[in-house]
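2 protein chains.
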Amino acid sequence: MAKSGPAPTINDVARVAGVSKKTVSRVINRSPLLREATRAKVEKVIAELGYTPNPQARALALRRNFLIGLLHDNPNAQTVLNFQEGVLDAIRDTEFALVVRPVDRHSPAMLDDIRNFLEQQRLYGVLILPPISENDDLAALCREMGCGYVRMGSAALDEAEHLVQSNDREMVEGVVDYLVKLGHRRIGLIEGPSGFRSAFERREGFLAAMHRHGLEVPPAALAQGNYRFDSGHRAANDLLSAEPRVTAIFASNDEMAAGAYHAARERGVEVPRQLSIVGFDDSPIAAHIWPPMSTVGWPIREMAKAAALKLVAPDSSEALPSSFPARLVTRNSVAEPG
Amino acid sequence: MAKSGPAPTINDVARVAGVSKKTVSRVINRSPLLREATRAKVEKVIAELGYTPNPQARALALRRNFLIGLLHDNPNAQTVLNFQEGVLDAIRDTEFALVVRPVDRHSPAMLDDIRNFLEQQRLYGVLILPPISENDDLAALCREMGCGYVRMGSAALDEAEHLVQSNDREMVEGVVDYLVKLGHRRIGLIEGPSGFRSAFERREGFLAAMHRHGLEVPPAALAQGNYRFDSGHRAANDLLSAEPRVTAIFASNDEMAAGAYHAARERGVEVPRQLSIVGFDDSPIAAHIWPPMSTVGWPIREMAKAAALKLVAPDSSEALPSSFPARLVTRNSVAEPG
DNA sequence: TTTCGTTTTGACACCGGTTTCCTTTTTCGC
DNA sequence: GCGAAAAAGGAAACCGGTGTCAAAACGAAA
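From first to last, the protein sequence lines stand for chains A and L.
Letter by letter, the first sequence follows residues 1 to 338 in our numbering.
Letter by letter, the second sequence follows residues 1001 to 1338 in our numbering.
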């Protein structure tokens, strides 16, 4: 069985079983028009020989392959990796495989690179992670090239068939409600980079909730970041310099929230006694920083699984949700003000 | 050029150019025995039609494909992602693609899963990240299946042709030297899980250096972890309970070092004034935790690139080193013992 | 111009599957 | 037990490339 020679082919199976290769092909593909006895005979030989169909030959004959691509430029490694795991959950025990492709959003040749990639590899389809998933040119490229795609997004970026989303906006509103209920009135926001849908959604959620509670949002309570640690550090410094000082900060992701921790520490502002901080993403740093940080977690792995199924088995995945609830993870970075 | 119909094939090119498909094949493969005029003619048609060879067909005809796999179970997401980027550096602009496969070391079916994976996908070869790279059964499986492989390891796990390594042991010795030079005498070690080569190497480096300096290592200065945050937390608690207390802790990775930070903070032990901490890996948490942590960084991306080249172009990569120097990244978690 | 030795090029089989279409076998009603 | 319909199985072509080997074209020498 574990012969180390060349792998057995469909011809070997056919010869040994005394049938035609077409019949073997029927067995592999579970064709119903096959006598039970024949199927059993062939299956026995397949097992004996340890035969596995050659995916390249199959791909050639079927004119489609079984590779699905992951396009990402997400700065959060854990997010990307969780996503990969979720996709694997979906395609485990299928003939699909996942090929990854980090992209550089800032490269002017990005679209051309991706076009070459898609042309060369002839992928079955691609999954696109935020923030690059917000690039409409990329989606257009996929459509133009006849390549299936599913985008992960925080809002209606595309038709439902191409989208798996979470409800960032509502969750951010929930965070604000939570902080307000604890007594916070002056709440600062560290925004994500402008032009990013997710940043926009989170900002809008924040503003809507503040407005709903009748709370002011002076310009000094809004600071811009770029989703990186350092930018959170700078933004928090700006926020903490203004008087009267904010008693709570919501950062649009955990990296920036961690940066805010550093800024607070440097100024001798104690978290959470003097300043509450809430992040977004529930990345590992949230649990590992001191004090452990409250944050908003979204079910990346489940979303990834849904996205992958949407791509490879659109029928079976119709039952699955394409919108997923984020949830507040409360740890120790939030307290009553004062 | 950007027709959206079915992609042009080698036959289309041959027909339009008025040559045989074999000639087109020669052009694609840069065969030297071709008249310049013919080559130009064919290349013109290729450009006009926007032809790209079908990788599945090529794979079938050549009896090898252009997929390289990444097997990993590393808990550090950033490490894995950096590695992926490094591999991409190596295979960018080639026809190779990277397919990822997270594995579960604790699953009893792991080896069978991987065997199925290799059998199904017929990969050109695989790259194996630690800690799973230390599994000799896995390497044996690759050999048995005739699948190329390169392991990342901290010591002589395998023949050179299958290995890319860093010099963990020496670096750990360097860390100890550094701490001793600052005046530390009672240094604790948080070990990685037993059975792991990397954990072993780091431990041996630690013990060797302590011995060289004539310093004792009482059992209470050795604590076992499993590379996870929580285990580092527990281990540090053990270390810090013993009297006389250690003045410095070296943790075998950053996650555990971060756990040690938490333990110290809970006990009111100030880092670095009362306790110096050094980690290993230079993962993002090292820079983001407070105070920023000194740690040992290894050039993952370069190593990944070297590993990938070793797999896909063993000749050209002979010039590259297969042993890479780690380096001490000094931040603010180390001070003279107080 | 012919001849001969080199290049260049092409015809054809093949890689390992699937599809089409047709033949053989089985099943079953009468 | 017969004939027809249905089911099962096979031959050959095809998917889009590459390898082999012989034929064609070329160029220099005779």
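Built from N, CA and C at the ideal position, the CB exists for glycine as well.
By a C-beta neighbour count over all protein chains shown, 10 Å radius and 16 as the cutoff for buried, is residue i buried or exposed?
i: LEU1129/L; result: buried
i: PRO1055/L; result: buried
i: HIS288/A; result: buried
i: ASN332/A; result: exposed
i: LEU123/A; result: buried
i: GLU336/A; result: exposed
i: THR1247/L; result: buried
i: GLU243/A; result: exposed
i: THR1023/L; result: buried
i: SER133/A; result: buried
i: SER1198/L; result: buried
i: GLY1153/L; result: buried
i: ALA263/A; result: buried
i: ALA59/A; result: buried
Taking 8 Å as the threshold (beta carbon to beta carbon), is residue i in contact with chain A?
i: PRO950/L; result: Outside the displayed span of chain L (1001 to 1338) sits residue 950/L, for which this structure offers no information.
i: PRO1102/L; result: yes
i: GLN1274/L; result: no
i: ARG1267/L; result: no
i: GLU1302/L; result: no
i: VAL1080/L; result: yes
i: VAL1172/L; result: no
i: ASN1065/L; result: yes
i: ALA1047/L; result: no
i: HIS1184/L; result: no
i: LEU1311/L; result: no
i: ALA1077/L; result: yes
i: TYR1149/L; result: no
Quick one, which of the options has its alpha-carbon nearest residue i's?
i: VAL1172/L; options: LEU1240/L, GLU1144/L, GLU1201/L, LEU1111/L; result: GLU1201/L
i: GLN1121/L; options: LEU71/A, LEU67/A, LEU138/A; result: LEU67/A
i: PRO8/A; options: SER31/A, ARG30/A, GLU48/A; result: GLU48/A
i: PHE1324/L; options: THR1052/L, ARG1273/L, SER1166/L; result: SER1166/L
i: ALA97/A; options: ALA1090/L, HIS1106/L, ILE1114/L, ASP1089/L; result: ILE1114/L
i: ARG1064/L; options: GLY1146/L, SER1020/L, SER1316/L; result: GLY1146/L
i: ARG212/A; options: LEU141/A, ARG185/A, PRO53/A; result: ARG185/A
i: ALA1093/L; options: ARG92/A, GLU119/A, PRO108/A, THR295/A; result: Correcting the residue type first, residue 1093/L is Asp in the shown sequence and not Ala. Nearest C-alpha to ASP1093/L: GLU119/A.
i: LYS1252/L; options: GLY1232/L, GLY1268/L, VAL1150/L, VAL1271/L; result: Inspection of the sequence shows that residue 1252/L is occupied by Ser rather than by Lys. Comparing Cα-Cα distances from SER1252/L to each of GLY1232/L, GLY1268/L, VAL1150/L, VAL1271/L, the minimum goes to GLY1232/L.
i: TRP1290/L; options: MET303/A, VAL271/A, ASP281/A, LEU33/A; result: VAL271/A
i: MET110/A; options: SER241/A, MET293/A, VAL296/A, HIS72/A; result: HIS72/A
i: ASP1012/L; options: PRO1032/L, GLU1043/L, ARG1143/L, LEU1207/L; result: GLU1043/L
i: VAL1180/L; options: ARG1203/L, VAL1334/L, ASP1137/L; result: VAL1334/L
i: PRO1292/L; options: ALA1313/L, THR1330/L, ARG1267/L, SER1322/L; result: THR1330/L
i: GLY50/A; options: PHE229/A, ARG58/A, ILE10/A; result: ILE10/A
Given residue i, which residues of its chain have a CB within under 6 Å of its CB, disregarding the five upstream and five downstream residues?
i: PRO131/A; result: PHE196
i: SER283/A; result: ASN76, GLN78, ASP254
i: VAL1016/L; result: VAL1045
i: ALA1002/L; result: Since pLDDT at ALA1002/L reaches only 41, below the 50 mark, its modelled position is unreliable, and the value read off the structure follows with that caveat. Excluding positions up to five away in sequence, the list is empty.
i: HIS1205/L; result: Residue identity check: residue 1205/L is Gly in the sequence provided, not His. Hits under 6 Å: ARG1169, VAL1172, GLU1173.
Excluding the five sequence neighbours on either side, which residues of its own chain have a C-beta within less than 7 Å of the C-beta of residue i, listed in chain order?
i: ILE300/A; result: THR79, ASN82, PHE83, GLY86
i: LEU1309/L; result: ALA1090, SER1316, SER1317, LEU1320
i: VAL175/A; result: PHE250, VAL278, VAL296, LEU328
i: ARG151/A; result: ILE128, SER133, ALA139, LEU157, ASP158, HIS162, LEU163
Residues of chain L with CB closer than 9 Å to the CB of residue i, please, in chain order.
i: PHE229/A; result: PRO1284, ALA1287, HIS1288
Strictly below 8 Å CB to CB, what residues from chain A border residue i?
i: SER1122/L; result: Note that residue 1122/L corresponds to Arg in the displayed sequence, not to Ser. Neighbours of ARG1122/L on chain A, chain order: ALA7, ASN54, PRO55, GLN56.
i: HIS1106/L; result: What HIS1106/L touches in chain A: nothing, since even the nearest Cβ is about 15 Å away.
Counting only beta-carbon atoms, is residue i nearer than 8 Å to chain L?
i: ALA59/A; result: yes
i: THR330/A; result: no
i: GLN84/A; result: yes
i: HIS162/A; result: no
i: ALA319/A; result: no
i: LEU240/A; result: no
i: HIS213/A; result: no
i: ALA258/A; result: yes
Note down, in chain order, every chain L residue with its Cβ under 7 Å from the Cβ of residue i.
i: GLU201/A; result: Those do not exist, as GLU201/A stays about 24 Å from chain L at its closest Cβ, beyond 7 Å.
i: ASN11/A; result: Here the premise fails: no neighbours, minimum Cβ distance about 14 Å.
i: VAL99/A; result: ALA1097, LEU1098, VAL1099
i: GLU119/A; result: THR1052
i: LEU88/A; result: PRO1102
Name the chain A residues that come within less than 7 Å of residue i, Cβ to Cβ?
i: TYR1178/L; result: By Cβ distance, chain A contributes nothing, its closest Cβ being about 24 Å from TYR1178/L, past 7 Å.
How would you list, in chain order, the residues of chain L whose beta-carbon sits under 8 Å from the beta-carbon of residue i?
i: ALA349/A; result: Limits of chain A in this structure are 1 at one end and 338 at the other, which puts residue 349/A out of reach.
Residues in its own chain within less than 8 Å of residue i by CB, not counting five upstream and five downstream?
i: ILE249/A; result: ILE187, GLY188, LEU189, ILE190, ALA236, LEU239, ALA257, ALA260, LEU275, SER276, ILE277, VAL278
When you measure from the CB of residue i to every non-hydrogen atom of the ligand MG, does any distance come out below 7 Å?
i: ASP12/A; result: The ligand MG is absent from the structure shown, which contains no ligand whatsoever.
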